[in-house]
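Residue numbers (this note's numbering): -5 to 322.
Have a look at this one:
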């Protein structure tokens, strides 16, 4: 759950850096992924997983890594960003995304890499690592989302709305009252069973609700999200939430954390995260002794929160110092 809002970045970030490689990669079922690499071609490899689902990667995501040390690989997941087909949920499941990550690792000749992700990107990082623990050398996670029903109830069942009643009212009032008992299902009908112009209208409302709560400094004035971006973001996010992340059962990630007993990790969590409250970060840390939890005071959910940015850069620098040979 992450829309990558573009707020002012913290001074802790590394300067902007351009990719040395950009390409479209065929991954099957008619899907083509936008992929880019930046930093040191011979450096420590890290794959960056964006949020949403459906958020897409952004240039800011390159700036959490020392470009002299890290080989940074970013891509837009199926159906979003510059990947094609746009806004498509066909053959678009968590298993497909995990397979795509492995396909990229093989394509670039990488034995093992660090995995960096926030919000849904943290969810996907965990699922990938649980399926391929020998390929995940280190996890760097932000704004933990475990894809559990209690988290969806918080955000789409009124919990977060008790803190943001005005924004919640706008989100809910798009839907007839007799459908308020399941807003994910109500929005699903409108995002998939209506003409494209109607899909955009409801997609903007879906995206605006999430974006309003992303930053601790937000006053709820999010502006009008780009229509095509919002449509892909909302359709993909709703699709994944409707299917509970395509996991075998609720709580699947925590139930399988023993698989990561030997994989080190860093968890960076905003104390006042309204989208992914800190409970999930604590539950994850309890189930994962090899991870270290950093609770950032006076920070919300957004990747660009100054305290979040500073801690993420500090974490990637620390990992780099422990692997001076530029190999995991």
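Backbone N, C-alpha and C fix where the C-beta goes; we use that ideal spot for every residue, glycine too. Just so we're clear, the structure is a prediction, and the values are computed from it rather than from any experiment.
When the Cα of residue i is compared with those of the options, which residue comes out closest?
i, options, result
"residue 262", "165, 154 and 133", "133"
"residue 229", "92, 74, 107 and 116", "74"
"residue 211", "129, 243, 296 and 143", "296"
"residue 208", "85, 299, 97 and 94", "299"
"residue 10", "183, 52, 169 and 318", "52"
"residue 254", "139, 151 and 285", "285"
"residue 244", "147, 50 and 15", "147"
"residue 234", "84, 18, 79 and 34", "84"
"residue 197", "54, 225 and 187", "225"
"residue 247", "283, 195, 140 and 314", "140"
"residue 145", "318, 33, 283 and 272", "272"
"residue 95", "27, 48, 204 and 23", "27"
Using a threshold of 7 Å, state whether the C-beta atoms of residue i and residue j are closer than that.
i, j, result
"residue 37", "residue 114", "no"
"residue 67", "residue 88", "no"
"residue 118", "residue 91", "yes"
"residue 76", "residue 25", "no"
"residue 191", "residue 232", "no"
"residue 251", "residue 275", "no"
"residue 152", "residue 43", "no"
"residue 12", "residue 31", "no"
"residue 165", "residue 199", "yes"
"residue 178", "residue 223", "no"
"residue 123", "residue 21", "no"
"residue 278", "residue 109", "no"
"residue 161", "residue 214", "yes"
"residue 59", "residue 312", "no"
"residue 169", "residue 154", "no"
"residue 219", "residue 201", "yes"
"residue 257", "residue 127", "yes"
Under the three-state reduction of DSSP, which class applies to residue i: helix, strand or coil?
i, result
"residue 16", "strand"
"residue 287", "strand"
"residue 113", "strand"
"residue 281", "helix"
"residue 46", "coil"
"residue -3", "Residue confidence for residue -3 is low, a pLDDT of 42 falling below 50, so the modelled location carries little weight; the figure read from the coordinates is stated next. DSSP places residue -3 in coil when its eight states are reduced to three."
"residue 21", "strand"
"residue 69", "strand"
"residue 92", "helix"
"residue 101", "helix"
Given the structure, does residue i come close to the ligand MG, in the sense that its CB is under 6 Å from one of the ligand's heavy atoms?
i, result
"residue 223", "As presented, the structure is devoid of all ligands, the ligand MG included, so that no description of it is given."
Taking only beta-carbon atoms, is residue i less than 7 Å away from chain B?
i, result
"residue 176", "Chain labels in this structure do not include chain B; a single protein chain is all it has."
Who pairs with residue i in a beta bridge, going by DSSP?
i, result
"residue 134", "110 and 260"
"residue 31", "15 and 67"
| query | Counting Cβ pairs closer than 8 Å, one from the segment 52 to 66 and one from the segment 22 to 40, do we hit at least three? | reply | yes
| field | Three CB pairs or more closer than 8 Å across the segment 228 to 239 and the segment 266 to 276 | value | no
| query | Is it true that the segment 299 to 312 meets the segment 4 to 13, where meeting means three or more beta-carbon pairs spaced less than 8 Å apart? | reply | yes
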